[in-house]
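J.: Sequential numbering of the sequence shown, starting at 1, is according to the UniProt record's numbering. Have a look at this one before I ask anything.
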Amino acid sequence: MFLVPTSRQAHDLSRSLERLFDDSFGNVFGQDARELSQALRSPALDVSETDSAYTVKLEMPGVPKEAVKITVDGRRISVEAEQNKDEEKKDGERVLYRERSVSRFSRSFSLPQEISESDSSARMEHGVLTLTLAKRQAKGGARLTVS
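This is the structure:
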């Protein structure tokens, strides 16, 4: 039976389990736990809609806006980014413990309607990428003449 202490927050428990597995697998496979933590992450997202556009918000903490690549292909949207770790060391300094490492984010999804790339925009604020994706307007109907 596995008991979960009620005084501990779920996040703390989850983090402890991640550390346990990182350390265990690192020892078993002879790899550094930091290498194992460079896994691809799928950022959480929220999608809302108006008559003219979709608004998509993705959580990407610590990622600079220059590292974000957004691809629009009809109804399909792909977002990729990489957050690099700081390798800055001062003379005489040594790292005792490190949990922060390279994080790669990737997420692809399809929307119900095609997107107009030229009318869409993206901005990054406080670790949240906000995409305003304009819906492609249907072209007006044309009449055909019967000959």
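No residue lacks a Cβ here, since even glycine has one placed at the ideal position from N, Cα and C. Source: prediction; values computed, not measured.
So if DSSP puts Val-56 in a beta bridge, which residue, or which two residues, is it bridged to?
T.: Start at 1 with the first residue of the sequence shown, and residue 56 comes out as number 56. According to DSSP, Val-56 bridges with Val-47, Leu-131.
J.: Kindly provide the ranges of any beta strand (DSSP E) runs that are 3 or more residues long and lie completely inside the stretch 89-117, ordered along the chain.
T.: Listed in chain order, the complete beta strand (DSSP E) runs (minimum 3 residues) inside the stretch 89-117 are 103-110.
J.: Taking just the CA atoms, how far does Leu-58 sit from Glu-93?
T.: For the purposes of this step, residue 93 is taken as the residue at position 93 of the sequence shown. For the purposes of this step, residue 58 is taken as the residue at position 58 of the sequence shown. Each residue's alpha carbon lies about 36 Å from the other.
J.: Distance, Cα to Cα, Leu-129 vs Ser-52?
T.: As a first step, residue 129 must be located in the sequence shown, where it is residue number 129. As a first step, residue 52 must be located in the sequence shown, where it is residue number 52. Those two C-alpha atoms are separated by around 20 Å.
J.: Under three-state DSSP, which class holds Ala-67?
T.: Here residue 67 is taken as the residue at index 67 of the sequence shown, counted from 1. Helix at Ala-67.
J.: Within the same chain, show all residues whose beta-carbon is closer than 8 Å to that of Arg-75, passing over the 5 residues directly before and after it, in chain order.
T.: In the sequence shown, residue 75 corresponds to position 75, counting from 1. Ser-110, Leu-111, Pro-112, Gln-113, Glu-114, Ile-115, listed in sequence order.
J.: Closest to Glu-125 by C-alpha separation, out of Arg-107, Gly-62, Pro-43, would be which residue?
T.: The sequence position of residue 125 within the sequence shown is 125, counting from 1. Of Arg-107, Gly-62, Pro-43, the residue nearest in Cα terms is Gly-62.
J.: So is Leu-131 buried or exposed if we call it buried at 16+ other beta carbons inside 10 Å?
T.: Within the sequence shown, numbered from 1, the residue matching residue 131 stands at position 131. Its Cβ being crowded by 16 or more others within 10 Å, Leu-131 is buried.
J.: Give the straight-line distance between the Cα atoms of Leu-45 and Tyr-97, rounded to the nearest whole angstrom.
T.: Walking along the sequence shown from the start, residue 45 turns up at place 45. Walking along the sequence shown from the start, residue 97 turns up at place 97. The alpha-carbon atoms of Leu-45 and Tyr-97 are separated by roughly 31 Å.
J.: Could you tell me the distance, in whole angstroms, from the CA atom of Leu-40 to the CA atom of Val-102?
T.: Your numbering for residue 40 matches position 40 in the sequence shown. Your numbering for residue 102 matches position 102 in the sequence shown. Each residue's alpha carbon lies about 10 Å from the other.
J.: Measure the beta-carbon distance from Ser-121 to Glu-80 and round it to whole angstroms, keeping in mind my assumption that it falls under 8 Å.
T.: Your numbering for residue 121 matches position 121 in the sequence shown. Your numbering for residue 80 matches position 80 in the sequence shown. At roughly 18 Å, the Cβ-Cβ gap does not stay under 8 Å, so Ser-121 and Glu-80 are not in contact.
J.: Between Gly-127, Arg-123, Asp-73, Ala-67, which lies nearest to Glu-82 when the distance is taken from Cα to Cα?
T.: Numbered from 1 along the sequence shown, position 82 holds the residue referred to as residue 82. Considering only alpha carbons, the answer is Ala-67.
J.: Mapping the DSSP letters down to three states, classify Gln-137 as helix, strand or coil.
T.: Here residue 137 corresponds to residue number 137 of the sequence shown, with the count starting at 1. Correct three-state label for Gln-137: coil.
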